[in-house]
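S.K.: Got a structure for you, written out below as structure tokens; questions coming shortly.
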Amino acid sequence: MKLYCLSGHPTLPCNVLKFKSTTIMLDCGLDTTSVLNFLPLPLVHSPRLSKLPGWISKDGTINLEKELKDCAGRVFVDSQPEFCLPERELLDLSTIDVILISNYHCMMALPYITEHTGFTGTVYATEPTLQIGRLLMEEVVNFMERVPKAQSATCWKNKEIQRMLPGPLKDAVDVWTWKRCYSMQEVNSALSKVQLVGYSQKVELFGAVQVSPLSSGYSLGSSNWIIQSHHEKVSYVSGSSLLTTHPQPMDQSSLKNSDVLILTGLTQMPTANPDGMLGEFCSNLAMTIRAGGNVLVPCYSSGVIYDLLECLYQFIESASLGTTPFYFISPVANSSLEFSQIFAEWLCHNKQTKVYLPEPPFPHAELIQTNKLKHYPSIHGDFSSEFRQPCVVFTGHPSLRFGDVVHFMELWGKSSLNTIIFTEPDFSYLDALAPYQPLAMKCVYCPIDTRLNFHQVSKLLKEVQPLHVVCPEQYTQPPLTQSHRSDLMLELQPPPMPYRRCSVLNLPFRRRYERVYILPEVSEQVVHFPL
Amino acid sequence: NMPEINVTPLGAGQDVGRSCILVSIGGKNIMLDCGMHMGYNDDRRFPDFSYITQNGRLTDFLDCVIISHFHLDHCGALPYMSEMVGYDGPIYMTHPTKAICPILLEDFRKITVDKKGETNFFTSQMIKDCMKKVVPLNLHQTVQVDDELEIKAYYAGHVLGAAMVHIKVGSESVVYTVSVNKYAKSHISAWIDKCRPDILISESTYATTIRDSKRCRERDFLKKVHETIERGGKVLIPVFALGRAQELCILLETFWERMNLKAPIYFSTGLTEKANHYYKLFITWTNQKIRKTFVQRNMFEFKHIKAFDRSYADNPGPMVVFATPGMLHAGQSLQIFKKWAGNEKNMVIMPGYCVQGTIGHKILNGQRKLEMEGRATLDVKLQVEYMSFSAHADAKGIMQLIRMAEPRNMLLVHGEAVKMEFLKGKIEQEFSIDCYMPANGETATVTTNPSVPVDISLNLLKREMALGGPLPDPKKPRTMHGTLIMKENSLKLVSSEQALKELGLNEHQLRFTCRVQLQDPHSDPDTLHRIYTHLKSVLKGYTIQHLPDGTVMVESIVIKVSSSAEDTNAKVLLLSWSYQGGEYFFTALCIVKRLMYQ
Numbered sequence: 001m002k003l004y005c006l007s008g009h010p011t012l013p014c015n016v017l018k019f020k021s022t023t024i025m026l027d028c029g030l031d032t033t034s035v036l037n038f039l040p041l042p043l044v045h046s047p048r049l050s051k052l053p054g055w056i057s058k059d060g061t062i063n064l065e066k067e068l069k070d071c072a073g074r075v076f077v078d079s080q081p082e083f084c085l086p087e088r089e090l091l092d093l094s095t096i097d098v099i100l101i102s103n104y105h106c107m108m109a110l111p112y113i114t115e116h117t118g119f120t121g122t123v124y125a126t127e128p129t130l131q132i133g134r135l136l137m138e139e140v141v142n143f144m145e146r147v148p149k150a151q152s153a154t155c156w157k158n159k160e161i162q163r164m165l166p167g168p169l170k171d172a173v174d175v176w177t178w179k180r181c182y183s184m185q186e187v188n189s190a191l192s193k194v195q196l197v198g199y200s201q202k203v204e205l206f207g208a209v210q211v212s213p214l215s216s217g218y219s220l221g222s223s224n225w226i227i228q229s230h231h232e233k234v235s236y237v238s239g240s241s242l243l244t245t246h247p248q249p250m251d252q253s254s255l256k257n258s259d260v261l262i263l264t265g266l267t268q269m270p271t272a273n274p275d276g277m278l279g280e281f282c283s284n285l286a287m288t289i290r291a292g293g294n295v296l297v298p299c300y301s302s303g304v305i306y307d308l309l310e311c312l313y314q315f316i317e318s319a320s321l322g323t324t325p326f327y328f329i330s331p332v333a334n335s336s337l338e339f340s341q342i343f344a345e346w347l348c349h350n351k352q353t354k355v356y357l358p359e360p361p362f363p364h365a366e367l368i369q370t371n372k373l374k375h376y377p378s379i380h381g382d383f384s385s386e387f388r389q390p391c392v393v394f395t396g397h398p399s400l401r402f403g404d405v406v407h408f409m410e411l412w413g414k415s416s417l418n419t420i421i422f423t424e425p426d427f428s429y430l431d432a433l434a435p436y437q438p439l440a441m442k443c444v445y446c447p448i449d450t451r452l453n454f455h456q457v458s459k460l461l462k463e464v465q466p467l468h469v470v471c472p473e474q475y476t477q478p479p480l481t482q483s484h485r486s487d488l489m490l491e492l493q494p495p496p497m498p499y500r501r502c503s504v505l506n507l508p509f510r511r512r513y514e515r516v517y518i519l520p521e522v523s524e525q526v527v528h529f530p531l
Numbered sequence: 001n002m003p004e005i006n007v008t009p010l011g012a013g014q015d016v017g018r019s020c021i022l023v024s025i026g027g028k029n030i031m032l033d034c035g036m037h038m039g040y041n042d043d044r045r046f047p048d049f050s051y052i053t054q055n056g057r058l059t060d061f062l063d064c065v066i067i068s069h070f071h072l073d074h075c076g077a078l079p080y081m082s083e084m085v086g087y088d089g090p091i092y093m094t095h096p097t098k099a100i101c102p103i104l105l106e107d108f109r110k111i112t113v114d115k116k117g118e119t120n121f122f123t124s125q126m127i128k129d130c131m132k133k134v135v136p137l138n139l140h141q142t143v144q145v146d147d148e149l150e151i152k153a154y155y156a157g158h159v160l161g162a163a164m165v166h167i168k169v170g171s172e173s174v175v176y177t178v179s180v181n182k183y184a185k186s187h188i189s190a191w192i193d194k195c196r197p198d199i200l201i202s203e204s205t206y207a208t209t210i211r212d213s214k215r216c217r218e219r220d221f222l223k224k225v226h227e228t229i230e231r232g233g234k235v236l237i238p239v240f241a242l243g244r245a246q247e248l249c250i251l252l253e254t255f256w257e258r259m260n261l262k263a264p265i266y267f268s269t270g271l272t273e274k275a276n277h278y279y280k281l282f283i284t285w286t287n288q289k290i291r292k293t294f295v296q297r298n299m300f301e302f303k304h305i306k307a308f309d310r311s312y313a314d315n316p317g318p319m320v321v322f323a324t325p326g327m328l329h330a331g332q333s334l335q336i337f338k339k340w341a342g343n344e345k346n347m348v349i350m351p352g353y354c355v356q357g358t359i360g361h362k363i364l365n366g367q368r369k370l371e372m373e374g375r376a377t378l379d380v381k382l383q384v385e386y387m388s389f390s391a392h393a394d395a396k397g398i399m400q401l402i403r404m405a406e407p408r409n410m411l412l413v414h415g416e417a418v419k420m421e422f423l424k425g426k427i428e429q430e431f432s433i434d435c436y437m438p439a440n441g442e443t444a445t446v447t448t449n450p451s452v453p454v455d456i457s458l459n460l461l462k463r464e465m466a467l468g469g470p471l472p473d474p475k476k477p478r479t480m481h482g483t484l485i486m487k488e489n490s491l492k493l494v495s496s497e498q499a500l501k502e503l504g505l506n507e508h509q510l511r512f513t514c515r516v517q518l519q520d521p522h523s524d525p526d527t528l529h530r531i532y533t534h535l536k537s538v539l540k541g542y543t544i545q546h547l548p549d550g551t552v553m554v555e556s557i558v559i560k561v562s563s564s565a566e567d568t569n570a571k572v573l574l575l576s577w578s579y580q581g582g583e584y585f586f587t588a589l590c591i592v593k594r595l596m597y598q
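Protein chains in written order, with the UniProt record's numbering: chain A, 1 to 531; chain B, 1 to 598.
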């Protein structure tokens, strides 16, 4: 039994498990942090961004004026932003039998795998994962296609040239695997290969292996997976949460008795308490509005935003923000809000009870009905005529490199009355802001990451007692910036087996028995000899 | 003795209404549905639970109760069973059923107690307490009721939240399906898989009907409504609040829009808005077309369909009214019917099955004079139309289901005996499987013949696989040798060496010997050498050794030569072989004999 590790990003994993002659891909995460190296894509012509000086090396020998631009003291690539794909050379991806998806954030690389590798297998995901995953892909495609950029920069990727570039471009890894965004056609084709599954459904793969998704408590329809035969059991734990937010609680007990537990998707903010962050989010928001400023919240269009809106629903009246307009701008804003209301089976108990009444499970329905929350597909059209300030705007993309958020950065960045509040943990906020410097607008960093922290995960592992744990190498040492915090790493006996991008691990398995069946005709003839 | 599965209907055995079927499988007892009968107002309204036990609660006798959908003939006796007879175990139903079931039960209770004044009926509190015992089921989720009993729900598409259930204990299984809508396949989730249950229990309400296409029926329905409206008549459509009613509303709404019609359409029950809300929140349980467009336009927000007030019934001019209940046995639909029955311009369209004893059943059978309470008679002059829109399984749907699931036996419930008989014949003829149709209180027994699961040692498996050459031939059966160990209810198949080791037993060798007398002038070593070279040339592919101790070995067969002291020509061939060597011993012996007699 072998594990091929195709992604080095601990929360956007992509691993391949070979088990009993089946080849199973676990998640298909797309590392989007690569886009931070690119210039933002403005929705309307930006004189500032269009007049940036091109980059020429100090000695003048390398001239990449067209591809690289100097912006606010950093060098950025001037082309359509590109994503870092999972490794494609480590094994023949056309041999993959199935892909198991754990949540909608971990499937964004799917079209690259299913459409361009000769893949002929099946993808398994829950219905909310498929529907919301589709929305997130649609959103990214829309963001990119709305601002077409003819130029595709490739010269800077040349190894010899990249070596000469200033940081962080110089240190970017695997730049040759970076790819432009896929098209909607590729998305549709990829998603047509998805077979829907429900929690605790047992799916037989070729009669050799049984896979089963379990609720992981992190997002709508998010799952961990059990991959087992009659005598061996592998648990795959991806983004999981023990906090009470909107999804169904995590199923922990089914992870018991695993021979191997593959652990990915822990919190990226181990020192930030989600509840505390939520409080800070609300108070900063209220303070800015009271002072007459606008609030910009760069976010994904599904996930934590549901919790933010629910929190605001309770907060608005007490903070006398009743008249402040809240805007949610995304090509999929309406769909995301509507979809969230129809997945009763996948919600926590409290929300299920509401559906029985029947009432919509999320209070954002009421915010929309009372006109407190308005949603628009983009800043163009109705929004431009209806928009009032001061206001609160939720919009994407959280990297600040594309989407409507770019426009608000240009619009509000110069005033110190306004505030940008970061809630998504996927991008370093300083890097995200880099091309907009110098900024007068206030920046507040309240990353909300509900995934398991090290304390929770060690407790969980003590309870479910796997024989072996496999995890990204990042979890086996404290974070670089907090090297004294030995509590921010996994300490286990036996020690976990670490992996990094391109690792191939031999999983410690001793298979001794296999299940067979004796036909009734034969079993009738069996004569017993008692010993 | 062979394991068996017993199925006993307490209701719906050769009858329509009060579905309640007991299944005993692998030592587990399961109750499928717990419904009421619309045609009775006495004890026969509920299934006869005294069959399970004469005294005391049912909890000890049942492992679980499963409700297939929210229609009262499938769940109407639930609070009576759990709270008045007594059952505290788990009750499984899907989320939409769990949401809607208590509302219909409360409605049923109100009509029975508040309007008809019956006592000794379940209370609102009992409905609440009963619902607390409900465990919601998700589609395709495998629910482990206990260590051995597992159940799995499939989409059935009959009404919102309707499910088929697969019940499994070990390798024995039963599938129960209420009303399979063959359109269920258009739903995004897969239909039932080829699960080959020991018994498929199916409803057979429309066993003899093979209905024409849905589109034809819809067109026919719209035509009839339109004609009546055009001549200034009123159309009454008795429906149940939830289910087919919503689909018919969508149909009329789009027709009105397209034809630009102005006649009012009313929906009588206060449940309308609530019902539509349920449909909206549980949209993943509706058909694909509705799901696909729900973000752009919610199909359940109607422009033309308004809430009905009882005073509207006397308004002049044409109108269409949806009124509950669906069989004209009580309530608002019956009141409106009485008002409109005298006018031949009007029409009543019965969109579903009507149980015997109800007015719906009577007028469908052509009765034109109805006896009402207080010895009044009612002349029925309006037109009576029947449209089988009800999503109960019809013959075609059932046959399709059998093809999909490939059951070993079939069992029919919830249908009239005569119609069942017809379908039974058809099934037995087409699929050559046994088909049962037990009456209430009668038990159908099916013996099962399960395979026995065994854990085989991987070493043994690999060794035996290697014997068959590099690639196993799946078309050719092969014998394999091993020892079957039965220990604490588990079976292991291991090599005999491993078995001896594990059980701490000594190995005993069993050898057979044989003496063959023959004449040969050569010396003993020469004879042996001749035998050796000959065997070697004839038996290719066998291990043949000439050992220094003066023996020849062919695999495990030992061959020695000795001659008697008196006659050196008279040789004795000693052969000895272990019992495993028996197969090729005779080959070797024949070769040697042939050589010597040459």
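C-beta: ideal position from N, C-alpha, C; glycine also.
If I follow the unbroken beta strand (DSSP E) through K233 (chain A), where does it start and stop?
M.R.: 233–237
S.K.: Short check: CB of N440 (chain B) to CB of G35 (chain B), under 8 Å?
M.R.: no
S.K.: Under the DSSP definition of a beta bridge, which residues are partnered with R297 (chain B)?
M.R.: Residue pairing by DSSP places R297 (chain B) opposite no residue, since no beta bridge is assigned to it.
S.K.: Between which two residues does the beta strand (DSSP E) holding F512 (chain B) run?
M.R.: F512 (chain B): member of the beta strand (DSSP E) spanning 511–519, first to last residue.
S.K.: Residues of the segment 456–467 of chain B in Cβ contact with chain A at a cutoff of 9 Å, in chain order, please.
M.R.: I456, S457, L458, N459, L461
S.K.: At least one CB of chain B closer than 8 Å to the CB of R511 (chain A): is that the case?
M.R.: yes
S.K.: With 8 Å as the threshold, decide whether the Cβ of G198 (chain A) is near any Cβ in chain B.
M.R.: For G198 (chain A), at least one C-beta of chain B is nearer than 8 Å to its own C-beta.
S.K.: Based on the DSSP secondary-structure assignment, which residues constitute the bridge partners of M269 (chain A)?
M.R.: Per the DSSP secondary-structure output, M269 (chain A) pairs with nothing in a beta bridge.
S.K.: At what residue ranges does the segment 90–166 of chain A contain a whole run of the beta strand (DSSP E), taking only runs of 3 or more?
M.R.: 98–100, 122–125
S.K.: Only counting the same chain, and skipping five residues up and downstream in sequence, which positions put a Cβ closer than 7 Å to that of E4 (chain B)?
M.R.: T445, V446, T447, T448
S.K.: Quick one: using the 10 Å Cβ neighbour count with 16 as the cut-off for buried, is G425 (chain B) buried or exposed?
M.R.: exposed
S.K.: Taking the alpha carbon of Y87 (chain B) as the point to measure from, which residue in B:R45, B:M31, B:H329 has its own alpha carbon closest?
M.R.: Across the set B:R45, B:M31, B:H329, the C-alpha of B:M31 shows the shortest separation from the C-alpha of Y87 (chain B).
S.K.: For Y436 (chain B), which residues of its own chain have a beta-carbon under 6 Å away from its beta-carbon, when the five flanking residues on both sides are left out?
M.R.: L411, A444
S.K.: Checking 8 Å against the spacing of the C-beta atoms, do L575 (chain B) and I591 (chain B) come in under that value?
M.R.: no
S.K.: Does L12 (chain A) come out as helix, strand or coil in the three-state DSSP assignment?
M.R.: coil
S.K.: According to DSSP, W178 (chain A) sits in a beta bridge with which residue or residues?
M.R.: Here W178 (chain A) is bridged, per DSSP, to A:C84.
S.K.: 8 Å is my cut-off, CB to CB: does Q141 (chain B) come that close to chain A?
M.R.: Interface residue, yes.
S.K.: With a threshold of 8 Å, are at least 3 pairs of Cβ atoms found where one atom belongs to the segment 91–104 of chain B and the other to the segment 57–73 of chain B?
M.R.: yes
S.K.: So A405 (chain B) and C195 (chain B) are in contact, right, with Cβ under 8 Å, and what is the actual spacing, rounded?
M.R.: 6 Å
S.K.: A440 (chain A): which of A:E310, A:T450, A:L505, A:L417 sits nearest, CA to CA?
M.R.: Comparing Cα positions, the closest option is A:L417.
S.K.: For a contact meaning CB atoms closer than 9 Å, what does F343 (chain A) contact in chain B?
M.R.: T284
S.K.: Is it buried or exposed for L196 (chain A), if we count other Cβ within 10 angstroms and need 16 for buried?
M.R.: Classification for L196 (chain A): buried.
S.K.: How would you call D27 (chain A), buried or exposed, if buried means at least 16 neighbouring beta carbons within 10 angstroms?
M.R.: buried
S.K.: List the endpoints of the continuous alpha helix (DSSP H) containing N459 (chain B).
M.R.: 458–467
S.K.: Over what stretch of residues does the beta strand (DSSP E) that includes D379 (chain B) continue unbroken?
M.R.: 377–379
S.K.: Could you compute how far the alpha carbon of A163 (chain B) sits from the alpha carbon of F143 (chain A)?
M.R.: 41 Å
S.K.: Using alpha carbons as the reference points, say which of B:I111, B:P136, B:M84, B:M38 lies closest to K98 (chain B).
M.R.: B:P136
S.K.: Let me see if you follow: with CB-CB separation under 8 Å, is K274 (chain B) close to chain A or not?
M.R.: yes
S.K.: Kindly indicate which residue of B:S171, B:E497, B:Y80 has the alpha-carbon position closest to the one of C130 (chain B).
M.R.: B:Y80
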